[in-house]
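See below for the structure under consideration.
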Amino acid sequence: MRLDHATWREVEAYLEKSNGIIIPTGSTEQHGPMGLIGTDALCAEKIAWEAGKELNVYVAPTLSYTPAPFNMSFPGTISISEELFESLLNEVVCSLKKHGFKKFYFINGHGANLKSLKNLTNQFSNITIRVKSWWDYEKVDHLRHARFGEWEGMHATPSEISITQANNRTITCDEALSPPKKLNQKYIQDHSGDKHGPPEQHRKNFPDGRVGSHSVLATPKIGEQLIKIAVAGLVSDYLTIF
Ligand code: NI
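In the working numbering, the protein residues as written are 24 to 265.
Set out below in structure tokens:
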């Protein structure tokens, strides 16, 4: 159930029997030569919309403008500061809270959002905030590693691209056929949470935008499976927490 497709009368009636809401968070940034700029947002909102339908819970409009400074050397990326993103999260929650929402489930699709989302959970005491990235659900994490192994990598991952292929658009691209540079463990540890350093250096390190991810392994069929088990993961987690 999409909040942006509801009337205020419907929301008022909903709040008489329920006070939960799901909020997708993504990004607007390059995702390699065959990944869509909106990948993180498109993945999170698809999973949110499907889970919202099953749970009869409203899904707020996706937060797609988020911090992605490291990708600013790639055209199409839009990045806002962490400060602005934290204020945005805070004011979105405050608005919804004022109307009576008390249970906030953030379904995230972009690693660099996690720090701000975590900070948000410390700003409120009388509401419940849950934060999960869609790849956190056990079965999703298992499938993506079983299917792609270390070629899942860190950015423009075959799993996120599979989801957008199932749900949005498939791009065939010769440039993506050869594997990307393999990441070593040290790079992964030092750059966890999507901390990839200055944009010029980042583009120099990863000229086509893939960060250790062999995007071309993506298929719409795996995308469908990933959506299905991520939705099941969200539904079950929501019901356990709330
Ligand atoms: Ni992504």
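Ideal placement from N, C-alpha and C gives every residue a C-beta, glycine not left out.
{"Asked": "Any non-hydrogen atom of the ligand NI closer than 7 Å to Thr-89 Cβ", "Found": "no"}
{"Asked": "Pair within 8 Å by beta-carbon distance, Lys-120 and Thr-151", "Found": "no"}
{"Asked": "Heavy atom of the ligand NI within 7 Å of Thr-100 beta-carbon", "Found": "no"}
{"Asked": "Span separating the alpha-carbon of Met-57 from that of Ala-36", "Found": "43 Å"}
{"Asked": "The ligand NI heavy atom lying under 7 Å from the CB of Asp-159", "Found": "no"}
{"Asked": "Helix, strand or coil at Leu-86 [DSSP, three-state]", "Found": "strand"}
{"Asked": "Cβ-Cβ separation, Tyr-160 to Ile-252 (assumed contact under 8 Å), whole Å", "Found": "7 Å"}
{"Asked": "Where the beta strand (DSSP E) containing Gly-43 begins and where it ends", "Found": "43-48"}
{"Asked": "Cβ-heavy atom distance, His-178 to the ligand NAD, below 7 Å", "Found": "You won't find the ligand NAD in this model; what it holds is the ligand NI."}
{"Asked": "Alpha-carbon to alpha-carbon, Phe-147 and Ala-67", "Found": "24 Å"}
{"Asked": "Three or more C-beta pairs below 8 Å linking the stretch 185-201 and the stretch 230-248", "Found": "yes"}
{"Asked": "Sub-8 Å separation of Phe-108 and Thr-85 beta-carbons", "Found": "no"}
{"Asked": "Distance cut-off 7 Å: Asp-231 Cβ against heavy atoms of the ligand NI", "Found": "no"}
{"Asked": "As assigned by DSSP and simplified to three states, the class of Asn-228", "Found": "helix"}
{"Asked": "Pairwise C-alpha distance: Asn-190 and Thr-242", "Found": "11 Å"}
{"Asked": "Assumed close pair Asn-131, Leu-137 - CB separation to whole angstroms, cut-off 8 Å", "Found": "7 Å"}
{"Asked": "Which listed residue (Thr-193, Trp-174, Glu-183, Val-163) has its alpha carbon closest to that of Asn-207", "Found": "Trp-174"}
{"Asked": "Per-residue burial, Thr-62 [other beta carbons within 10 Å of its own, 16 or more giving buried]", "Found": "buried"}
{"Asked": "Contact test: His-133 Cβ vs the ligand NI heavy atom, cutoff 7 Å", "Found": "yes"}
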